[in-house]
């Protein structure tokens with residue numbers, strides 16, 4: 001239950017029971033029946049830029065958005081945001097990048113939206129504080145539900161369950 005550590009004991013107990021009964025994957029598949037079709041870095045870039053333009057027009061520009069197969073979801077992060085600064089002549093140039101774990105190529109659009117909203121929010125808010133989560137829920141009103149369901153999915157996979165979306169199996 002590593003992914004549910006901050007949640008109430010009652011929720012963790014419910015999740016544990018679903019894992020034990022091998023019903024968690026089926027529950028998630030029923031709630032989210034299909035995966036999205038944003039499979040390439042180019043498509044991901046377009047998707048993220050559209051979200052950014054809808055909600056964060058004045059935020060720093062993004063120079064790169066890509067899926068990253070080196071992000072180990074189970075051990076580390078779901079996505080990253082970085083700022084790379086370089087000196088060019090007498091000016092300091094900054095580039096902002098967002099990388100999303102390759103796992104998100106083959107999941108429901110709600111999970112991809114949750115992680116991209118999360119990373120976009122870091123353009124304005126560095127830490128995970130109240131203002132950060134308010135920005136996340138501004139961009140995606142169901143942010144917290146999608147985050148919980150994603151954590152349930154990761155718990156299911158971590159417990160040895162197969163992915164409810166067959167195409168996603170290859171990404172793990």
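Numbering (full-length UniProt numbering), first residue to last: 1 to 172. A virtual CB, placed ideally from N, CA and C, is assigned to each residue, including glycine.
Buried versus exposed, by CB contacts within 10 Å (16 or more), residue i
i, result
"residue 114", "buried"
"residue 105", "buried"
"residue 122", "buried"
"residue 118", "buried"
"residue 138", "exposed"
"residue 144", "exposed"
"residue 39", "exposed"
"residue 57", "exposed"
"residue 91", "exposed"
"residue 108", "buried"
"residue 170", "For residue 170, the predicted model reports a pLDDT of 48, less than 50, meaning its position is unreliable; a value from the coordinates is still stated below. Counting Cβ neighbours within 10 Å, residue 170 comes out exposed, since fewer than 16 surround it."
"residue 10", "exposed"
"residue 20", "exposed"
"residue 164", "buried"
Under the three-state DSSP convention, the category residue i falls into
i, result
"residue 75", "Its pLDDT being 48, under 50, residue 75 is placed unreliably by the model, and the measurement read from it follows with that caveat. Coil."
"residue 92", "strand"
"residue 107", "coil"
"residue 35", "coil"
"residue 57", "coil"
"residue 29", "helix"
"residue 50", "helix"
"residue 129", "coil"
Beta carbon of residue i nearer than 9 Å to that of residue j
i, j, result
"residue 28", "residue 152", "yes"
"residue 112", "residue 36", "yes"
"residue 156", "residue 25", "yes"
"residue 120", "residue 51", "yes"
"residue 124", "residue 61", "no"
"residue 3", "residue 158", "yes"
"residue 140", "residue 132", "no"
Bridge-paired residues (DSSP) for residue i
i, result
"residue 65", "98"
Contact with chain B by residue i, beta-carbon distance below 9 Å
i, result
"residue 92", "No chain B appears in the structure shown, which is made up of a single protein chain."
Which listed residue (the options) has its alpha carbon closest to that of residue i
i, options, result
"residue 69", "22, 131, 101, 132", "101"
"residue 96", "63, 103, 89, 67", "63"
"residue 161", "16, 41, 61, 126", "16"
"residue 65", "55, 140, 42", "42"
"residue 99", "18, 45, 32, 132", "45"
"residue 49", "159, 133, 116", "116"
"residue 134", "30, 12, 89, 55", "55"
"residue 150", "13, 31, 22", "31"
"residue 110", "1, 13, 53, 47", "47"
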